[in-house]
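Student: Numbering of the sequence shown is given in our numbering, commencing with residue 17 and proceeding in unit increments. Right, I'll just put the structure down here and ask away after.
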Amino acid sequence: MAFSPTGESALFVPSDCADRHWMRRALALAEEAGQNEEVPVGAVVVGPAGVLGQAANEIERSGDPTAHAEMLAVRQAVETAGDKRLLQTTMYVTLEPCAMCAGAIVLARIPRIVFAAFDPKGGACGTLRNVVQDERLNHRCAVQGGLLESESAELLKAFFARLRQKKK
Ligand code: ZN
Numbered sequence: 017m018a019f020s021p022t023g024e025s026a027l028f029v030p031s032d033c034a035d036r037h038w039m040r041r042a043l044a045l046a047e048e049a050g051q052n053e054e055v056p057v058g059a060v061v062v063g064p065a066g067v068l069g070q071a072a073n074e075i076e077r078s079g080d081p082t083a084h085a086e087m088l089a090v091r092q093a094v095e096t097a098g099d100k101r102l103l104q105t106t107m108y109v110t111l112e113p114c115a116m117c118a119g120a121i122v123l124a125r126i127p128r129i130v131f132a133a134f135d136p137k138g139g140a141c142g143t144l145r146n147v148v149q150d151e152r153l154n155h156r157c158a159v160q161g162g163l164l165e166s167e168s169a170e171l172l173k174a175f176f177a178r179l180r181q182k183k184k
């Protein structure tokens with residue numbers, strides 16, 4: 017995998033096995049959110065010492081259209097770390113981040129993103145646009161998409177099928 021150097025610090029890269037472990041944690045958060053009527057998306061921010069922040073979508077519960085899992089996880093991680101820069105971390109998220117979340121990830125200087133499902137309708141980490149690897153910005157992230165993709169896609173598919181069923 018090719019990494020985009022951020023020039024700020026050496027990149028901490030968990031093993032492939034660890035990547036799967038953390039993505040499963042994000043998927044569990046997503047699944048729980050789906051049971052609470054939220055679009056099932058979960059995110060975990062992990063540093064060398066472990067989890068700094070983890071969250072799922074809370075848009076319905078909070079009535080806040082910006083309460084995406086990644087935003088909440090970043091805020092929590094910043095608080096835990098006591099640092100506005102989340103250097104040496106990886107963001108694990110079950111769906112490709114949107115433009116807002118990708119922007120927040122850049123602002124927080126997260127050096128690496130691993131996501132599960134690609135989002136053809138809003139993905140801003142390579143699908144519709146690529147906010148996190150824009151050469152005009154002074155921070156770029158390494159991105160790995162498609163880890164446990166089918167698990168996340170299944171969750172989303174089942175959620176929207178249930179939603180359509182309810183509307184009938
Ligand atoms: Zn988002």
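Beta carbons: idealized from backbone N, C-alpha and C, even for Gly.
By DSSP, does Leu171 sit in helix, in strand, or in coil?
Tutor: Helix, per DSSP.
Student: On the criterion of 16 or more Cβ atoms from any shown chain inside 10 Å, does Gly69 qualify as buried, or is it exposed?
Tutor: When all chains shown are included, Gly69 counts as buried.
Student: So, does the stretch 73-88 touch the stretch 102-119, judging by three or more C-beta pairs under 8 Å?
Tutor: As far as the Cβ criterion goes, the stretch 73-88 touches the stretch 102-119, which means the pair count is three or higher.
Student: Could you give the residue range of the alpha helix (DSSP H) that holds Ala59?
Tutor: No alpha helix (DSSP H) contains Ala59, which is instead part of the beta strand (DSSP E) from Gly58 to Gly63.
Student: Below 8 Å between beta carbons: does that hold for Val148 and Val109?
Tutor: No, Cβ-Cβ distance for Val148 and Val109 is not below 8 Å.
Student: Does the beta-carbon of Asp99 have 16 or more other beta-carbons within 10 angstroms, so that it is buried, or is it exposed?
Tutor: Label assigned to Asp99: exposed.
Student: Relative to the alpha-carbon of Leu163, which residue among Leu171, Val130, Val90 and Ala72 has its alpha-carbon at the smallest distance?
Tutor: Out of Leu171, Val130, Val90 and Ala72, Val130 has the C-alpha closest to the C-alpha of Leu163.
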